[in-house]
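Q: Sequential numbering from 774 applies to the sequence shown in our numbering.
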Amino acid sequence: MKNNEKHTNQENLNSKKRVSWADSIEDNEGKTLRAKKKAKVSPESQGSSPTQKSLKNYFAHMFSNGRYDEIRQEWESHIARHTRIIELKELYGDESEEVLKMGKNIIGKLLCLDNYSLLRWVTVNCDIEAFKLIAEMSSTKYLQRMVRYDDYMAFRLFVSSNRINENNHEYNSSECIEGFKLFLKTDNNVVNIFWNCLNITDSIKSDFNTALKEMGLGHLIDDNKENIPQNQLNSFKYRILSTAAEATKINR
């Protein structure tokens, strides 16, 4: 009898339908779809799960193949199916500010998975189109979390990767400027981080100054290390030394 029960249980498990990535992640209310409800845990404390890593790798794979429109459609579909979005549409209308704001929060929270590693992958690979899509679809709150994580690691990786590209004669000035502008738009404190980066080439410095001018921040061009408090200088000095080592851990 027990053997029959085990066999039946196994058949039930095998007969379950596969679910999409959207059905295996936490929604904006902290509930897990198609899974038992778990206690809410902040992204910083929960670490990385296999599901988060595979989801991040899935997005990275799509980006590396230039499938930005497909990712956009998947994210928009994920927003449309979200229960909170459905409720807000009934209350305020499809194109209401409340719906648009919640949609950006949903995607922003989704992209903070795996300790914000997706943005780090994007910046290491200097994928500006992916960065633009993330910035467009995410709320400022969550985008700033991605940028500020681990002493602005994503920004420092971007600077380091462009320095490597220049050494390899693969440097793209226009993409570098666009990347700097995206970072500056999110949090202009990256100016302080930039002036403390080691071994900045003249090309990268020139492009950063161009980005500052185009963002209306030309008054910050003359900032230098002497203008930055010593405690910030010491903090970032040691973090910058680890940037190259961190970059090698992220798959291109």
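A virtual CB, placed ideally from N, CA and C, is assigned to each residue, including glycine.
Could you check what DSSP says for serine 869 in three-state terms: helix, strand or coil?
A: Note: serine 869 maps to coil in three-state DSSP.
Q: Give the single residue among Arg854, Val895, Cys949, Ser850 whose Cα lies nearest to the Cα of asparagine 838.
A: Closest option to asparagine 838, Cα to Cα, is Val895.
Q: Distance check for histidine 855 and tyrosine 925, CA to CA, integer angstroms please.
A: The straight-line gap from Cα to Cα measures roughly 31 Å.
Q: May I have the straight-line CA-CA distance separating leucine 864 from histidine 851, to the nearest angstrom?
A: When rounded, the distance between both Cα atoms is 19 Å.
Q: Just mark threonine 913 as buried or exposed, buried being the case when its beta carbon has 16 or more other beta carbons within 10 Å.
A: Exposed, since its Cβ has fewer than 16 Cβ neighbours within 10 Å.
Q: Assuming leucine 990 and asparagine 962 form a contact by the criterion Cβ under 8 Å, report the distance between their Cβ atoms to the nearest whole angstrom.
A: Contact flag wrong, Cβ pair sits at about 12 Å.
Q: If we ignore side chains and look at the alpha-carbon of each, how far apart do serine 869 and lysine 862 end up?
A: Rounded to the nearest angstrom, the two C-alpha atoms are 8 Å apart.
Q: Hey, would you say tyrosine 889 sits closer than 8 Å to methionine 919, going by beta carbons?
A: Yes, Cβ-Cβ distance for tyrosine 889 and methionine 919 is below 8 Å.
Q: Give me, in chain order, the residues of the same chain whose beta-carbon lies closer than 7 Å to that of phenylalanine 981; leave out the 5 immediate sequence neighbours on both sides.
A: Phe953, Phe967.
Q: For asparagine 945, I'd like the list of residues in its chain whose CB is within less than 8 Å of its CB, leaving aside the five on either flank, ordered along the chain.
A: Cys899, Asn938.
Q: How about leucine 873 and leucine 884: are their beta carbons less than 8 Å apart?
A: Result no, Cβ atoms of leucine 873 and leucine 884 do not sit closer than 8 Å.
Q: From the DSSP output, in three-state form, read off leucine 886 for me.
A: In this structure, leucine 886 counts as helix in the three-state DSSP scheme.
Q: Any idea what DSSP makes of cysteine 970, helix, strand or coil?
A: In the structure shown, cysteine 970 sits in coil (DSSP, three-state: anything other than H, G, I, E or B).
Q: Is it buried or exposed, glutamine 846, if we count other Cβ atoms within 10 angstroms and call 16 or more buried?
A: Glutamine 846 should be labelled exposed.
Q: Counting only the same chain and skipping the five closest in sequence on each side, list residues whose C-beta sits under 8 Å from that of aspartate 842.
A: Closer than 8 Å at Cβ, skipping near neighbours: no residue.
Q: Hey, out of Val932, His942, Asn941, whose CA is closest to valine 964's CA?
A: That would be Val932, whose Cα lies nearest to the Cα of valine 964.
Q: Closest to arginine 929 by C-alpha separation, out of Ile977, Lys882, Lys905, would be which residue?
A: It is Ile977 whose Cα lies nearest to the Cα of arginine 929.
Q: Please name the residue in Arg857, Met875, Gly866, Ile907 whose C-alpha comes closest to that of lysine 829.
A: Measuring from the Cα of lysine 829, the nearest candidate turns out to be Ile907.
Q: If we ignore side chains and look at the alpha-carbon of each, how far apart do leucine 985 and leucine 916 end up?
A: Distance between the alpha carbons of leucine 985 and leucine 916: 20 Å.
Q: Near alanine 927, which residues of its chain fall below 7 Å by C-beta distance, leaving aside the five closest residues on each side in sequence?
A: Within the same chain, alanine 927 has close Cβ partners Leu892, Arg893, Thr896, Met919, Val920.
Q: Buried or exposed: where does aspartate 887 fall if 16 or more other Cβ atoms within 10 Å of its Cβ makes it buried?
A: Aspartate 887 should be labelled buried.
Q: For isoleucine 901 versus glutamate 871, is the C-beta distance shorter than 8 Å?
A: No. Outside cutoff.
Q: Tell me which same chain residues have a C-beta within less than 6 Å of the C-beta of leucine 993, skipping the five on either side of it?
A: Contacts found: Val964, Leu985.
Q: Give the range of the alpha helix (DSSP H) segment to which tyrosine 915 is assigned.
A: Run containing tyrosine 915: 913-940, per the alpha helix (DSSP H) assignment.
Q: Excluding the five sequence neighbours on either side, which residues of its own chain have a C-beta within less than 6 Å of the C-beta of phenylalanine 904, listed in chain order?
A: Correct list, in chain order: Val895, Leu955.
Q: Assign lysine 958 to buried or exposed, taking buried as 16 or more other Cβ atoms, counted over all protein chains shown, within 10 Å of its Cβ.
A: Exposed: under 16 other Cβ atoms inside 10 Å.
Q: Out of Phe836, Met988, Glu849, point me to the one whose CA is closest to glycine 881's CA.
A: Of the listed residues, the one whose Cα sits closest to glycine 881 is Glu849.
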